[in-house]
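Asks: Top line first, the protein sequences correspond to chains A and B. Read in our numbering, the first sequence has 25 at position 25, and its numbers run on one by one without any break. Read in our numbering, the second sequence has 3 at position 3, and its numbers run on one by one without any break. This is the structure, below, for whatever I ask next.
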Amino acid sequence: MRHGFTRSMIAVAVLSVAPIPATAQVSAVPRTPDGKPNLQGLWQVLNTAAWDIQDHSARLGVPAGQGVIEGNEVPYQPSALAKKRENFENRATADPETKGYLPGVPRGMYMPFPFQILQTPTHVAMTFEYAQGVRLIYTNGTPHPRGPINWWMGDSRGRWEGDTLVVDVVHFTDQTWLDRAGNFHSDELHLVERYTMAGPDHINYEVTVQDPKVFTRPWKMSMVLYRRKEPNVRLLEYVPGLLMEEEQAERERRKTN
Amino acid sequence: MNTRRTDLVIALTVLIAPPFAAAQTPERPPIIAGCPTENLAFHTCALQKAKTFTPPRTPSGKPNLQGYWRSRLTQAFSVEGVAEDHPLVKDAVTPWDVAPPEIVEPADRKIPYQPWAAPIGRQGVNFREYVDPRTMCSTAGVPRLALQDPSQILQPPTDDHVLWLHEDHHQFRVIAMDGRPRPGDDVRMWNGFSRGRWEGNTLVIETTNLNAHTWLDDSGNFYTDTARLTERLTPIDPDTIHYEVTLEDPKAYTRPWKVAWALVRDRTPGGYELFEEACREGERDLGRIREQGYKLYFGAPWRFR
Numbered sequence: 001m002r003h004g005f006t007r008s009m010i011a012v013a014v015l016s017v018a019p020i021p022a023t024a025q026v027s028a029v030p031r032t033p034d035g036k037p038n039l040q041g042l043w044q045v046l047n048t049a050a051w052d053i054q055d056h057s058a059r060l061g062v063p064a065g066q067g068v069i070e071g072n073e074v075p076y077q078p079s080a081l082a083k084k085r086e087n088f089e090n091r092a093t094a095d096p097e098t099k100g101y102l103p104g105v106p107r108g109m110y111m112p113f114p115f116q117i118l119q120t121p122t123h124v125a126m127t128f129e130y131a132q133g134v135r136l137i138y139t140n141g142t143p144h145p146r147g148p149i150n151w152w153m154g155d156s157r158g159r160w161e162g163d164t165l166v167v168d169v170v171h172f173t174d175q176t177w178l179d180r181a182g183n184f185h186s187d188e189l190h191l192v193e194r195y196t197m198a199g200p201d202h203i204n205y206e207v208t209v210q211d212p213k214v215f216t217r218p219w220k221m222s223m224v225l226y227r228r229k230e231p232n233v234r235l236l237e238y239v240p241g242l243l244m245e246e247e248q249a250e251r252e253r254r255k256t257n
Numbered sequence: 001m002n003t004r005r006t007d008l009v010i011a012l013t014v015l016i017a018p019p020f021a022a023a024q025t026p027e028r029p030p031i032i033a034g035c036p037t038e039n040l041a042f043h044t045c046a047l048q049k050a051k052t053f054t055p056p057r058t059p060s061g062k063p064n065l066q067g068y069w070r071s072r073l074t075q076a077f078s079v080e081g082v083a084e085d086h087p088l089v090k091d092a093v094t095p096w097d098v099a100p101p102e103i104v105e106p107a108d109r110k111i112p113y114q115p116w117a118a119p120i121g122r123q124g125v126n127f128r129e130y131v132d133p134r135t136m137c138s139t140a141g142v143p144r145l146a147l148q149d150p151s152q153i154l155q156p157p158t159d160d161h162v163l164w165l166h167e168d169h170h171q172f173r174v175i176a177m178d179g180r181p182r183p184g185d186d187v188r189m190w191n192g193f194s195r196g197r198w199e200g201n202t203l204v205i206e207t208t209n210l211n212a213h214t215w216l217d218d219s220g221n222f223y224t225d226t227a228r229l230t231e232r233l234t235p236i237d238p239d240t241i242h243y244e245v246t247l248e249d250p251k252a253y254t255r256p257w258k259v260a261w262a263l264v265r266d267r268t269p270g271g272y273e274l275f276e277e278a279c280r281e282g283e284r285d286l287g288r289i290r291e292q293g294y295k296l297y298f299g300a301p302w303r304f305r
């Protein structure tokens, strides 16, 4: 009896710690007709990275948050660390978000707005509610165009590594920030993003950040993208620059009338 | 590539469109897809051609409209066309090109404005007192997006959406093919909300929920927030789409009316890709424009009349 009991315990233990068989994982992830994970839908983060990608206490208007950086440290070069602190002090006016500009990448991925993924065998498109931003990720094997090019949302070339979409992003401007806390980069920013579906409604998003002008080593952020599940959910528009202009036009109209 | 990079540098560092510069009129060859290229003649001919053309299909059997497209048979000045004796044709600074109307219906090829609306559009109040909304880096709007810059159509194989990407100010239109309802009337957007369906070989797109803060052309022709736009994209040969839009707006027009032109496949050797056309990020002119007494539009003339 004793022997049998042990054996059954072992069996239970093995079952409970064994990795989920590959087939079960596969069935949990929606697929496109060509067998790739189907990333399509509306996605949005549920974290506080838009305010600060690092651990932070609450500030007025800013929810407290646990950072999204592996190890929590942004490995700034000494002069860049001083610049980050200056950015933080001046953030109310210096943050490019306050001008209504395109947010850049990866910042656009964790703004508190949804974005939609549309996918073909040759392209993965991301259309953003915020600022009508768009990323077109080529998955047709083409290389980055020859630089120098300064694009606000960079140039994205992707490939599938098994069930993970791996995207290489270069050709940035030095005008975008990484969050509202003044974390920043230069035009030598180079990202490697990994999109892995963890189930039908979750994407594990990882991004490795390199920038030899600003950081001492590559560093990594990771977070979950959640599917927006409301049955009537649609991508709408939030165009901050035009909302700013409209507000000013309205003030002027009231003044002259 | 070099020319396009130069364009980009100008876009990023100088300004986008100088506010009052005449738009370039794309070339108008004598024949496109075997059809004459005056818009009404093209429209009539293309609808006949469509009856016999079998377009390439996607793996799921839908007409395959994917690829890069450029508009033809278009001019940016006025959907009502530019007559030879139009004063702006001889304008010393920004002369307009003589051009036929893009309107193919009604027969007089004029916008059937209600009496109050005609003096606002048609180089009226909008044109004299307001700057073209594109100047402040907005979307050109529907259907003006399809009038000028290159675009790209993507059809995800799941057939639930069509994506129409425009180089102009990085605009995109996510066209819902899944039959779900549109948002309520109080949700208004610059590019509206677009639902699509296939009718034979034609992609039919119905757009509502428009904030109507955009214009139809350089002349300040317009619709209001009750507009419903029905676009029809019909392939008539492997490289040509007949593009037609029916504009309905009970607030501004007395009847529905139609424009039509061609979308021609880009065959740039070595391939083509859309570039990012950031606009607001390099914009430096709005302050000076305001100083000159011009106002930004946001539909003001019809919203607050």
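Every residue gets a Cβ at the ideal spot worked out from N, C-alpha and C, and that includes glycine.
In this structure, does DSSP put Thr256 of chain A in helix, strand or coil?
Replies: What you label residue 256 of chain A is simply residue 256 of the first sequence in a count that begins at 1. Helix.
Asks: Ignoring anything shorter than 3 residues, give me the beta strand (DSSP E) runs that lie fully in the region 42-82 of chain B, in order along the chain.
Replies: 67-72
Asks: Does any C-beta atom of chain A lie closer than 8 Å to the C-beta of Val187 of chain B?
Replies: Here residue 187 of chain B is taken as the residue at index 187 of the second sequence, counted from 1. By this cut-off, Val187 of chain B is an interface position.
Asks: Taking only the alpha-carbon atoms, compute the straight-line gap between Ala11 of chain A and Ile203 of chain A and give it to the nearest angstrom.
Replies: Translated into the one-based positions of the first sequence, residue 11 of chain A becomes position 11. Translated into the one-based positions of the first sequence, residue 203 of chain A becomes position 203. Bear in mind that the predicted position of Ala11 of chain A carries a pLDDT of just 44, short of 50, making it too unreliable to give a figure here.
Asks: Where do the ends of the alpha helix (DSSP H) carrying Ala49 of chain A lie?
Replies: Position 49 of the first sequence, counted from the start, is the residue given in the question as residue 49 of chain A. DSSP places Ala49 of chain A in no alpha helix (DSSP H); its state is neither H nor E.
Asks: Between His213 of chain B and Pro183 of chain B, what straight-line distance do the alpha-carbon atoms span, to the nearest angstrom?
Replies: As a working note, residue 213 of chain B is residue 213 in the second sequence. As a working note, residue 183 of chain B is residue 183 in the second sequence. Distance between the alpha carbons of His213 of chain B and Pro183 of chain B: 18 Å.
Asks: Taking any Cβ of chain B, which residues in the region 119-130 of chain A have a Cβ under 8 Å from it, in chain order?
Replies: Gln119, Thr120, Pro121, His123, Ala125 and Thr127
Asks: Unbroken beta strand (DSSP E) runs of length 3 or more, entirely within the region 215-290 of chain B: which are they?
Replies: 228-237, 240-248 and 257-265
Asks: With a threshold of 16 other CB atoms inside 10 Å of the CB of Ala266 of chain A, please say whether the residue is buried or exposed.
Replies: Outside the displayed span of chain A (1 to 257) sits residue 266 of chain A, for which this structure offers no information.
Asks: So Gln44 of chain A contacts chain B; which residues on that side make the cut at Cβ distance below 8 Å?
Replies: For this step, residue 44 of chain A is matched to residue 44 along the first sequence. The contacting residues do not exist; Gln44 of chain A stays about 16 Å from chain B at best.
Asks: Mind checking which residues open and close the beta strand (DSSP E) that includes Leu81 of chain A?
Replies: Looking up residue 81 of chain A in the first sequence gives position 81. It is not in any beta strand (DSSP E) - Leu81 of chain A instead sits in the alpha helix (DSSP H) that spans Pro78 to Glu89.
Asks: By the three-class DSSP mapping on this structure, what secondary structure does Pro87 of chain B have?
Replies: Counted from its first residue, the second sequence places residue 87 of chain B at position 87. Helix, per DSSP.
Asks: Taking Cβ positions, are Phe172 of chain B and Val239 of chain A nearer each other than 8 Å?
Replies: In the second sequence, the residue the question calls residue 172 of chain B occupies position 172. In the first sequence, the residue the question calls residue 239 of chain A occupies position 239. No, the pair does not count as a contact, with Cβ atoms beyond the cut-off.
Asks: So, for Cys137 of chain B: in the same chain, excluding its five sequence neighbours on each side, which residues have a beta-carbon less than 8 Å away from its beta-carbon?
Replies: The sequence position of residue 137 of chain B within the second sequence is 137, counting from 1. Closer than 8 Å at the Cβ level, and outside the excluded window around Cys137 of chain B, lie Ile16, His169, Cys279, Arg280 and Glu283.
Asks: Relative to the C-alpha of Glu237 of chain A, which candidate in B:Phe193, B:Leu154, B:Gly200 and B:Gln152 has its C-alpha closest?
Replies: Locating residue 237 of chain A in the first sequence gives position 237, where the first residue counts as 1. Comparing Cα-Cα distances from Glu237 of chain A to each of B:Phe193, B:Leu154, B:Gly200 and B:Gln152, the minimum goes to B:Phe193.
Asks: Whose C-alpha, out of B:His86, B:Ile103, B:Leu88 and B:Lys90, is nearest the C-alpha of Thr74 of chain B?
Replies: Position 74 of the second sequence, counted from the start, is the residue given in the question as residue 74 of chain B. Residue B:Ile103 is the option with its Cα nearest to Thr74 of chain B.
Asks: Is there contact here, the region 255-272 of chain B with the region 65-73 of chain B, by at least three beta-carbon pairs under 8 Å?
Replies: yes
Asks: Got a sec? Which residues, its chain only, sit under 6 Å from Tyr101 of chain A by beta carbon, not counting five neighbours each side?
Replies: Taking the first sequence and counting its residues from 1, one reaches residue 101 of chain A at position 101. None.
Asks: Can you pull the chain A neighbours of Cys137 of chain B, defined as C-beta to C-beta under 8 Å?
Replies: Counting from 1 along the second sequence, the entry for residue 137 of chain B is found at position 137. Correct list: Gly241 and Leu242.
Asks: So, does the CB of Val131 of chain B fall closer than 8 Å to a CB anywhere in chain A?
Replies: Counting from 1 along the second sequence, the entry for residue 131 of chain B is found at position 131. Output row for Val131 of chain B: interface = no.
Asks: When you compare the CB of Glu167 of chain B with every CB in chain A, is at least one pair closer than 8 Å?
Replies: Numbered from 1 along the second sequence, position 167 holds the residue referred to as residue 167 of chain B. Not one chain A Cβ lies under 8 Å of Glu167 of chain B.
Asks: Can you tell me whether Thr268 of chain B is buried or exposed? The criterion is at least 16 other CB atoms within 10 Å of its CB, across all chains shown.
Replies: Residue mapping note: residue 268 of chain B aligns to position 268 of the second sequence, counting from 1. Classification of Thr268 of chain B: exposed, given that the 10 Å Cβ count is below 16.
Asks: Which residues in the same chain have their Cβ closer than 8 Å to the Cβ of Pro30 of chain B, if we skip the five residues on either side of it in sequence?
Replies: In the second sequence, counting from the first residue as 1, residue 30 of chain B sits at position 30. Answer for Pro30 of chain B: Pro36 and Thr37, listed in chain order.
Asks: Alpha carbons only, please: which of B:Leu163, B:Gly271, B:Trp116 and B:Tyr130 is nearest the one belonging to Gln258 of chain A?
Replies: No statement about residue 258 of chain A is possible, as the shown extent of chain A runs from 1 to 257 and does not include it.
Asks: May I ask you to report which of helix, strand or coil DSSP gives Glu129 of chain B?
Replies: As a first step, residue 129 of chain B is located in the second sequence; it is residue number 129 there, counting from the start. Helix, per DSSP.
Asks: Is Lys229 of chain A near the ligand NAD, judged by its Cβ being under 7 Å from some heavy atom?
Replies: Ligands displayed in this structure: none; no statement on the ligand NAD is therefore possible.
Asks: Any Cβ of chain B within less than 8 Å of the Cβ of Val134 of chain A?
Replies: As a position in the first sequence, residue 134 of chain A is number 134, starting the count at 1. True, the Cβ-Cβ gap to chain B drops below 8 Å.
Asks: Please state if the CB of Leu225 of chain A and the CB of Val209 of chain A are separated by a distance shorter than 8 Å.
Replies: Within the first sequence, residue 209 of chain A is the residue found at index 209, counting from 1. Within the first sequence, residue 225 of chain A is the residue found at index 225, counting from 1. Their beta carbons are not under 8 Å apart, which means Val209 of chain A does not touch Leu225 of chain A by this criterion.
Asks: Is the shortest distance between the beta-carbon of Met197 of chain A and the beta-carbons of chain B less than 8 Å?
Replies: What you label residue 197 of chain A is simply residue 197 of the first sequence in a count that begins at 1. No, no contact with chain B.
Asks: Helix, strand or coil for Arg59 of chain A? Go by DSSP, reduced to three states.
Replies: The residue given as residue 59 of chain A occupies position 59 in the first sequence. The answer is strand: DSSP assigns Arg59 of chain A an E or B state.
Asks: Considering just the uninterrupted stretch of the alpha helix (DSSP H) at Arg159 of chain A, what are its terminal residues?
Replies: As a position in the first sequence, residue 159 of chain A is number 159, starting the count at 1. Arg159 of chain A -> not in any alpha helix (DSSP H); beta strand (DSSP E) instead, spanning Asp155 to Glu161.
Asks: So which residues on chain C does Ala94 of chain A lean against when the C-beta distance must stay under 7 Å?
Replies: The question asks about chain C, but that chain is absent: this structure's protein chains are A and B.
Asks: So if DSSP puts Asn204 of chain A in a beta bridge, which residue, or which two residues, is it bridged to?
Replies: Sequence index remark: in the first sequence, residue 204 of chain A carries index 204 (1-based). BP columns for Asn204 of chain A point to A:Thr196 and A:Val224.
Asks: Below 8 Å, how does it come out for the region 221-241 of chain B and the region 39-57 of chain B: are there three or more Cβ pairs, yes or no?
Replies: Segments in contact, yes.
Asks: From Arg288 of chain B to Ala76 of chain B, what does the alpha carbon distance come to, in whole angstroms?
Replies: Counting from one through the second sequence, the residue named residue 288 of chain B turns up at place 288. Counting from one through the second sequence, the residue named residue 76 of chain B turns up at place 76. If I take the Cα positions, the gap works out to 24 Å.
Asks: Nearest by alpha-carbon distance to Gln123 of chain B: which of B:Leu296, B:Pro87 and B:Pro157 is it?
Replies: Stepping through the second sequence from its first residue, residue 123 of chain B is reached at position 123. Considering only alpha carbons, the answer is B:Pro87.
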